[in-house]
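Residues in the sequence shown are numbered from 1 upward in steps of one, following my numbering.
Backbone N, C-alpha and C define an ideal beta-carbon position, used for all residues, glycine too.
Following: one structure in structure tokens, then a few remarks.
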Amino acid sequence: MRIKLINPNTTQSMTDLIGDAARAVAAPGTEILAVTSRSGAASIEGHYDEAMSIIGLVDEIMDGPAADAYVVACFGDPGLLAARELTGAPVFGIAEAAMHAATFVATGFSVVTTLERTRIIAEHLVRNYGMQNHCRRVRATDVPVLELEKPESNARAIILAECERALSEDRSEAIVLGCAGMADLAKFLEDRLQVPVIDGVVAAVKFAEAIVGMGLKTSKRGDLAYPLPKTYRGKLAGYAPDTRLADRLTARKVS
1 MRIKLINPNT TQSMTDLIGD AARAVAAPGT EILAVTSRSG AASIEGHYDE AMSIIGLVDE
61 IMDGPAADAY VVACFGDPGL LAARELTGAP VFGIAEAAMH AATFVATGFS VVTTLERTRI
121 IAEHLVRNYG MQNHCRRVRA TDVPVLELEK PESNARAIIL AECERALSED RSEAIVLGCA
181 GMADLAKFLE DRLQVPVIDG VVAAVKFAEA IVGMGLKTSK RGDLAYPLPK TYRGKLAGYA
241 PDTRLADRLT ARKVS
């Protein structure tokens with residue numbers, strides 16, 4: 001099976017990082033295709049960044065190589081439902097996947113994310129996904145996304161310290177990492193904290209393998225049906241769904 005991992009930001013080094021994390025856990029026979037968005041921001045750290053990232057996500061699903069499942073590799077899960085409209089293949093958001101995974105191994109978890117403004121976005125997702133009874137708290141480290149890759153930022157120590165506070169102050173039994181750029185930190189943190197540390201990239205890949213293996217597809221009844229044909233204007237005119245859109249998307253095959 002092929003799982004397409006879409007980095008909705010335009011930073012190739014982050015795509016490489018999450019691709020490596022995914023391949024490390026993928027089953028034999030699973031191809032991980034990690035791609036970087038062709039349009040959007042260098043990092044996604046707010047509502048505007050998320051909104052602007054959705055066009056690049058749509059491009060990868062509609063025009064890029066087809067896959068058996070797709071992963072939106074940003075913890076804000078931008079464009080997740082729109083992506084599900086565009087394909088019968090299952091589409092996974094890493095925040096949704098990570099939170100569900102955490103509930104299987106702990107009764108309460110804390111999310112440790114990057115900036116304060118993304119903490120608020122993560123809290124919205126906790127409510128949207130019905131995780132209020134499981135998520136004890138969402139914590140910000142105020143480490144910008146692109147600083148995660150820089151040793152001089154001391155990101156590892158800062159994130160570790162915040163995780164330790166989560167365990168002691170929130171009384172959580174697991175940690176959910178609130179950024180795809182933290183994918184390489186899970187083992188480091190788990191070894192030191194001695195509790196489950198869940199990276200959403202890895203969780204989404206394993207859920208994708210399971211759902212595809214079960215033969216399940218995205219329902220096309222109701223709100224996740226293919227987009228309705230209509231006119232779009234302005235800069236988005238080329239994205240207008242037409243009467244043949246569903247046929248074209250349904251006909252896409254994994255090569």
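| query | DSSP beta-bridge partners for Ser276? | reply | Residue 276 lies beyond the stretch modelled for the chain, which goes from 1 to 255, so this question has no answer here.
| query | Is it the case that the Cβ atoms of Gly40 and Thr10 are separated by a distance below 8 Å? | reply | Reading the sequence shown from its first residue, position 40 is the one you call residue 40. Reading the sequence shown from its first residue, position 10 is the one you call residue 10. In this structure, Thr10 lies closer than 8 Å to Gly40 by Cβ.
| task | Closer than 6 Å by C-beta to Ala34: which residues in its own chain qualify, once you throw out the five before and the five after it? Chain order, please. | result | In the sequence shown, the residue the question calls residue 34 occupies position 34. Within the same chain, Ala34 has close Cβ partners Leu5, Thr15 and Gly19.
| task | Please name the residue or residues paired with Lys4 in a DSSP beta bridge. | result | To locate residue 4, count along the sequence shown from 1; it is residue 4. Looking at the DSSP assignment, Lys4 forms a beta bridge with Leu33 and Tyr70.
| query | So what's Arg165 in DSSP terms, helix, strand or just coil? | reply | On the sequence shown, residue 165 is found 165 positions in, with the first residue counted as 1. Arg165: helix per DSSP, three-state reduction.
| field | Bounding residues of the alpha helix (DSSP H) (the contiguous stretch that carries Val254) | value | Locating residue 254 in the sequence shown gives position 254, where the first residue counts as 1. It is not in any alpha helix (DSSP H) - Val254 carries neither H nor E in the DSSP assignment.
| Whole-Å CB distance - Ala89 paired with Gly178, under 8 Å assumed | Against the sequence shown, residue 89 aligns to sequence position 89. Against the sequence shown, residue 178 aligns to sequence position 178. Not confirmed; about 26 Å, so no contact.
| The alpha helix (DSSP H) spanning Arg233 covers which residue range? | Against the sequence shown, residue 233 aligns to sequence position 233. Per DSSP, Arg233 belongs to no alpha helix (DSSP H) and is neither H nor E.
| query | Are the segment 69 to 84 and the segment 41 to 61 touching, with three or more C-beta to C-beta distances below 8 Å? | reply | yes
| said: Looking at the strands, I want to know which residues DSSP matches up with Ala140. | reply: Counting from 1 along the sequence shown, the entry for residue 140 is found at position 140. DSSP, once it has assigned bridges, lists Thr113 as partnering Ala140.
| If you follow the beta strand (DSSP E) that Val91 is part of, which residue opens it and which one closes it? | Start at 1 with the first residue of the sequence shown, and residue 91 comes out as number 91. Here the beta strand (DSSP E) through Val91 covers Val91 to Gly93.
| request: Rounded to whole angstroms, what's the CA-CA distance from Glu173 to Thr107? Just pull it up for me. | output: Counting from one through the sequence shown, the residue named residue 173 turns up at place 173. Counting from one through the sequence shown, the residue named residue 107 turns up at place 107. Whole-angstrom Cα-Cα distance: 7 Å.
| task | Label Tyr70 either buried or exposed according to how many other C-beta atoms from any shown protein chain fall within 10 Å of its C-beta, with 16 as the threshold for buried. | result | In the sequence shown, counting from the first residue as 1, residue 70 sits at position 70. It counts as buried.
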